[in-house]
Structure formats: C-alpha cells, structure tokens
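Heads up, the thing below is written out as structure tokens.
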Amino acid sequence: MSGSEVVRCGWVGKYTGAGREDYVKVLHRTMNIFFPGYLSRYHDNEWGVPVVADDRLMFEMISLEGAQAGLSWATILAKRSGYKKAFKDFDIEALVGATEEASSMDVLVDAVLDSGCDVVRSRRKIESVYRNAEAARAVREEFGGLCQYIWHFTGGQQVVNSWTNVSDIPSHTDLSKRIAEDMKRRGFRMVGPTTVYSLLQAVGVVNDHMVACHRYKACVRKMQDCKITTSVVGAHRKVTLRRKRKRSV
C-alpha cells in the first residue's frame, strides 16, 4: 500500500455524483474507489469527532442532518456554506431573535428562499431550523448546554462499536429512538430515529467508523482527551464536558 492510499469507511465511497476533478483515490479493502474530495475531508476531520462543548456546531449538525432526509449526505455537505449564510452561522440566539422579530414564519421562510443561498428548497425543512433553535434555547436553559443535553443520554460516555462490514451498521437504535422521542417532545422537528442516529455518529456520541478505518482509533483517542464529569441536578443528570488542557512541556 502506498503512502497516498488510506483505508476509510465504506460509506464514503458509495457516492459517485460529483465532478471527476474533485475526486481523490483511496483504498477500501481491496478495491480502488473514487469519491468527492469534500466528502473525504469531512470524514477525515469531522465525522465521529466528539462535539462536547460547541453548541453552535452541535446545532449545525442537527440542522444539516434534518435537511438530509431523503437526500445524500454529500448533497448536504455541498450546500453547507449556503446553510451557514442563510441561517446566521447557526447561531441559536440570533435565529431565535429573528423568529421573535418576524411577523410570521412564512416571512422567514420566504426570506431564505429569496436569499439565493444554496439550501434545500423545502419550506418544512427551512422552518424546522427556526423551530429547532427555539427548542435548543430551552434545552440550554434546562441542561446548561445543547451538548450537555445530547450527551446526557449516554451519561457522557461514547458508544464505541466494532464494525468490520459497513452493511452491518444499523440505521437506528433503541438509543436513537429514545432521543428522537425526547427531542420531539421538546419541540424539535425533523428528528426521527434514523436522523438522530446519523447525528450521534456525526458528533461522536457513537463511534461507527469501521475498525479498519484510519479514523477509528483516532476518534476513540479524541474522546479520551475530553474531561467528563457528571452530577445529579434536580431530576436530570447534568453532564459537563470540556477538552482537557494540554500539558505543558
């Protein structure tokens, strides 16, 4: 195997719809496959990395995963910059403020559709971002943060799987069903069990990199670099997550 060939998760190689010029060659098992460069960069730098103290990024992933419903992840990633521009860089407070100032939700949705931003042109999906911002703010007030809310379902622990075949990875689990039900109860939209499971994979609550993937152990180490403490507050378990400080040499 040459130095330029690395093993990545099989799902990265499924997509073949982008221009050839944006493709890079990788090795998965014994097959040479091609896939969009932006998809491999996302896989190598973000997918499965624990998001423990960045509510903006957590909300961005909730929004993008919701937008993906019925579409490919590569399609949504290609529109990511458009989403950031259309939705105030996923600033929760700014989105809630826009909702409070608008005369109606239709006005907000029309503004996004007329903005020229590259987003999925679904009124239901666009509205869900604003509604979810309201739900996210309420969650932050109750749990101390959106990240704390998501991670409290596992007690601040990462679920580490050991997949050797991409076809064995489930589309949803009992955990994602439980979280989806709770999120819907709190007013979140576009958060079915499958969408929530994709979210858990993306933000590192679940490590679903293939065992052979070069990012599998890296994401386990990333979680080990997070200092997590839990304490019971009222009826909820409060989870405090933050990056450990690097030791001085």
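The sequence shown: position 196 = 1109 (our numbering), numbered continuously. All C-beta atoms in this analysis are idealised placements derived from N, C-alpha and C, irrespective of residue type, glycine included.
For Lys1135, the enclosing alpha helix (DSSP H) has its first and last residue at Tyr1129 to Gln1137. With fewer than 16 neighbouring CB atoms inside 10 Å of its own CB, Asp1027 falls in the exposed class. Looking at Glu973, Asp1004 and Lys1001, the one whose alpha-carbon comes closest to that of Ile989 is Glu973.
Counting C-beta pairs with one atom in each stretch, the segment 1028 to 1035 and the segment 981 to 1000 have three or more that are closer than 8 Å, which means they touch.
Judged by DSSP in its simplified three-state form, Val1079 adopts helix. For Asn1074, the three-state secondary structure derived from DSSP is coil. In the three-state reduction of the DSSP assignment, Val1020 falls in the helix class, which pools H, G and I.
By the neighbour-count criterion, in which 16 or more other beta carbons inside 10 Å mark a residue as buried, Lys1038 falls on the buried side.
At least 7 Å separates the beta-carbon of Val1124 from that of Ser1089. In chain order, Leu1059, Tyr1062 and Arg1099 place their CB closer than 7 Å to the CB of Val1052, counting only its own chain and leaving out the 5 sequence neighbours on each side. Distances from the CA of Tyr955 to each of Glu1055, Arg921 and Thr1012 were compared; the closest alpha carbon is that of Arg921.
In the displayed model, Val1119 falls within a strand according to three-state DSSP.
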